[in-house]
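J.: One structure, as structure tokens, below. Some questions next.
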Amino acid sequence: FIGLICTAQESYFTVYNFSVEPQNTSTVFKLFDDYFSKNKADGVTVALYENHFNDSGNNFTHSVVFGGDIDAMGGMYSGENDDTWNLFITRANQHMKDGFSAAMGKRISMHGDASGTYPFQRYYLLDVAEMSKFISAHNTFQEGHNPEGQLTMMGNLTVGHGPDGANAWVIAGFKDFKSAMAGSGSLMSESEKEARDKAWSERRANDGDVSLVRSGLRIQMKSW
Numbered sequence: 081f082i083g084l085i086c087t088a089q090e091s092y093f094t095v096y097n098f099s100v101e102p103q104n105t106s107t108v109f110k111l112f113d114d115y116f117s118k119n120k121a122d123g124v125t126v127a128l129y130e131n132h133f134n135d136s137g138n139n140f141t142h143s144v145v146f147g148g149d150i151d152a153m154g155g156m157y158s159g160e161n162d163d164t165w166n167l168f169i170t171r172a173n174q175h176m177k178d179g180f181s182a183a184m185g186k187r188i189s190m191h192g193d194a195s196g197t198y199p200f201q202r203y204y205l206l207d208v209a210e211m212s213k214f215i216s217a218h219n220t221f222q223e224g225h226n227p228e229g230q231l232t233m234m235g236n237l238t239v240g241h242g243p244d245g246a247n248a249w250v251i252a253g254f255k256d257f258k259s260a261m262a263g264s265g266s267l268m269s270e271s272e273k274e275a276r277d278k279a280w281s282e283r284r285a286n287d288g289d290v291s292l293v294r295s296g297l298r299i300q301m302k303s304w
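Residue numbers (the working numbering): 81 to 304.
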């Protein structure tokens with residue numbers, strides 16, 4: 081979303097979190113698939129997720145994420161709504177239980193082979209006191225210790241902050257549920273894990289005051 085950090089990797093996103101009753105999930109998915117298969121904005125990626133594991137304060141059922149460069153995202157939001165969009169929104173809202181939250185921000189870095197598919201994603205929302213120190217420490221760590229078979233993304237939240245103080249996020253994507261459950265260590269040799277643990281201690285000494293707000297696991301249903 082390889083390994084090298086560069087400004088070209090920066091992209092912008094908006095996310096809308098909402099809840100759907102179980103009996104309406106397939107209907108909502110079909111509405112999204114029918115619409116975005118034919119009507120996606122140029123240069124924008126759309127992804128629908130199930131919020132599979134979460135805490136009681138983060139218990140919406142689904143998210144839709146729009147991502148792209150600033151020009152593509154600006155173009156998507158500058159257009160006037162047409163009848164096709166209005167019909168899609170009307171139908172989707174009829175099958176949604178309620179909205180939960182919305183936010184926007186920027187993806188700052190990514191490590192791993194982006195040509196792969198990583199539908200099982202562990203997410204971490206963080207309260208970061210010194211963003212520049214955190215970004216530097218995170219990227220230095222991931223450049224040397226991101227295992228094969230994992231895609232790691234990091235970014236910030238610019239609008240949509242909650243009272244919990246989260247202003248940054250990290251997502252670790254895995255190719256299958258087994259790897260997502262076992263975590264990064266399952267993709268490493270013993271010597272790699274030993275080196276990672278040492279580097280992690282160094283990272284924590286250099287990334288400033290960072291606290292975990294919440295974590296969860298989301299599953300990508302489809303992207304367009």
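C-beta atoms are modelled at their ideal positions from N, C-alpha and C, and glycine is treated no differently.
Would you report the Cα separation of S143 and S99, rounded to the nearest angstrom?
T.: One-based indexing of the sequence shown puts residue 143 at position 63. One-based indexing of the sequence shown puts residue 99 at position 19. Cα to Cα, the separation comes out at about 9 Å.
J.: For M301, which residues of its own chain have a beta-carbon under 7 Å away from its beta-carbon, when the five flanking residues on both sides are left out?
T.: For the purposes of this step, residue 301 is taken as the residue at position 221 of the sequence shown. The residues are F109, L128, Y129, E130.
J.: Answer yes if the stretch 209-219 comes into contact with the stretch 150-161, meaning at least three C-beta pairs across the two stretches below 8 Å, and no otherwise.
T.: Flag = no, the stretch 150-161 and the stretch 209-219 do not touch.
J.: What does the alpha-carbon distance come out to for the pair A182 and K258?
T.: Here residue 182 is taken as the residue at index 102 of the sequence shown, counted from 1. Here residue 258 is taken as the residue at index 178 of the sequence shown, counted from 1. The straight-line gap from Cα to Cα measures roughly 30 Å.
J.: I'd like to know whether the C-beta atoms of F254 and A248 end up nearer to each other than 9 Å.
T.: Within the sequence shown, numbered from 1, the residue matching residue 254 stands at position 174. Within the sequence shown, numbered from 1, the residue matching residue 248 stands at position 168. In this structure, A248 does not lie closer than 9 Å to F254 by Cβ.
J.: Once DSSP output is grouped into helix, strand and coil, what is the label at G376?
T.: This structure leaves residue 376 out entirely; the chain is present only between 81 and 304.
J.: Can you tell me where the alpha helix (DSSP H) holding W280 begins and where it ends?
T.: Counting from one through the sequence shown, the residue named residue 280 turns up at place 200. Per DSSP, W280 belongs to the alpha helix (DSSP H) from 270-286.
J.: Exposed or buried, which one is A217 when buried takes at least 16 other CB atoms within 10 Å?
T.: Reading the sequence shown from its first residue, position 137 is the one you call residue 217. When all chains shown are included, A217 counts as buried.
J.: Would the stretch 219-231 and the stretch 278-298 be scored as touching if the rule is three or more Cβ pairs under 8 Å?
T.: With the cut-off at 8 Å, the stretch 219-231 and the stretch 278-298 touch.
J.: Just verifying my parser: in three-state terms, what is the DSSP assignment at N138?
T.: Stepping through the sequence shown from its first residue, residue 138 is reached at position 58. Residue state, collapsed to three classes: coil.
J.: Which residue marks the beginning of the alpha helix (DSSP H) containing A262, and which one marks its end?
T.: Taking the first residue of the sequence shown as position 1, residue 262 is located at position 182. Its alpha helix (DSSP H) spans residues 257-262.
J.: Exposed or buried, what is D289 when buried is set at 16 or more other beta-carbons lying within 10 Å of its beta-carbon?
T.: Position 209 of the sequence shown, counting from 1, holds the residue named residue 289. Looking at its Cβ environment, which holds fewer than 16 other Cβ atoms inside 10 Å, D289 is exposed.
J.: Decide yes or no for the touch test of the stretch 111-118 against the stretch 163-179: beta carbon pairs closer than 8 Å, at least 3 of them.
T.: Verdict: yes, contact present.
J.: May I have the straight-line CA-CA distance separating G240 from N119, to the nearest angstrom?
T.: Counting from one through the sequence shown, the residue named residue 240 turns up at place 160. Counting from one through the sequence shown, the residue named residue 119 turns up at place 39. Using only the alpha carbons, I get a separation of about 26 Å.
J.: When the Cα atoms are used, what is the spatial distance from M176 to L205?
T.: Taking the sequence shown and counting its residues from 1, the one referred to as residue 176 is at position 96. Taking the sequence shown and counting its residues from 1, the one referred to as residue 205 is at position 125. Going by the C-alpha atoms only, they are around 25 Å apart.
J.: Let's see if you can read the secondary structure: which residues bound the alpha helix (DSSP H) around A217?
T.: Looking up residue 217 in the sequence shown gives position 137. That run of the alpha helix (DSSP H) goes 211-225.
J.: Among the residues of its own chain, which have a CB less than 7 Å from the CB of L267, if the five just before and after it don't count?
T.: Residue numbering aside, residue 267 sits at position 187 when the sequence shown is read from its first letter. So the list reads P227, E228, G229, Q230, S259, once near-sequence residues are dropped.
J.: Could you spell out the range, first to last residue, of the alpha helix (DSSP H) harbouring W304?
T.: The residue given as residue 304 occupies position 224 in the sequence shown. Element bounds for W304: n/a, residue is neither H nor E.
J.: With C-beta atoms as the reference, is N134 less than 9 Å away from G296?
T.: Sequence index remark: in the sequence shown, residue 134 carries index 54 (1-based). Sequence index remark: in the sequence shown, residue 296 carries index 216 (1-based). Yes, Cβ-Cβ distance for N134 and G296 is below 9 Å.
J.: Taking the continuous alpha helix (DSSP H) assigned at A172, which residues delimit it?
T.: Position 92 of the sequence shown, counting from 1, holds the residue named residue 172. Per DSSP, A172 belongs to the alpha helix (DSSP H) from 163-174.
J.: For M190 versus M153, is the C-beta spacing smaller than 9 Å?
T.: Residue mapping note: residue 190 aligns to position 110 of the sequence shown, counting from 1. Residue mapping note: residue 153 aligns to position 73 of the sequence shown, counting from 1. Cβ atoms of M190 and M153: not closer than 9 Å.
J.: Quick one: measure Cβ to Cβ for Q174 and R298, integer angstroms, because I've assumed they're closer than 8 Å.
T.: Translated into positions along the sequence shown, residue 174 becomes position 94. Translated into positions along the sequence shown, residue 298 becomes position 218. The Cβ separation is near 24 Å, so there is no contact.
J.: Take N138 and list the residues in its own chain whose beta-carbon comes closer than 7 Å to its own, dropping the five residues that flank it on each side.
T.: Taking the first residue of the sequence shown as position 1, residue 138 is located at position 58. R294, G296.
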